[in-house]
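J.:
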């Protein structure tokens, strides 16, 4: 798969996470079972699923949005860390592919 395709897929996954955040008023209120201190969440994703951080971005209210995934198993997780250090798992699944797609060439608007 070419690098351009990989970037596009990763951007789409990150965009989906951001859209989810807009629909949820308070991610930390999702429930204690989905939230924990960041270090505990990252350790669980690494040790339990072999996932490492693939991308990172800044969301609304200074929340840090991260995509974790395993190239070996294809599992993926999206987390949101609030400024207070609480990290919540907001989505997870299978079939992760790292993509790198470039934007299409800009057309002549004239």
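In mature numbering (1 follows the signal peptide of the UniProt record, and there is no 0), the protein residues as written are -28 to -1, 1 to 82.
By construction, the Cβ of each residue, glycine as well, lies at the ideal position given by its N, Cα and C atoms.
Grab the span of the beta strand (DSSP E) containing residue 65 for me, first residue to last.
T.: Taken as a continuous stretch (DSSP letters only), the beta strand (DSSP E) holding residue 65 covers 58 to 65.
J.: Comparing alpha-carbon positions, which option in 36, 60, 73, 71 lies nearest residue 12?
T.: Residue 60 is the option with its Cα nearest to residue 12.
J.: Using a Cβ-Cβ cut-off of 8 Å (strictly less than) and excluding sequence neighbours within five positions of residue 9, which residues of its own chain qualify?
T.: 57, 58, 59, listed in sequence order.
J.: Going by other Cβ atoms of all chains shown within 10 Å of its Cβ, with 16 needed for buried, is residue 50 buried or exposed?
T.: Classification of residue 50: buried, given that the 10 Å Cβ count is 16 or more.
J.: Could you have a look at residue 45 and say whether DSSP puts it in helix, strand or coil?
T.: DSSP places residue 45 in coil when its eight states are reduced to three.
J.: Per DSSP, residue 14 is paired with what?
T.: According to DSSP, residue 14 bridges with nothing at all.
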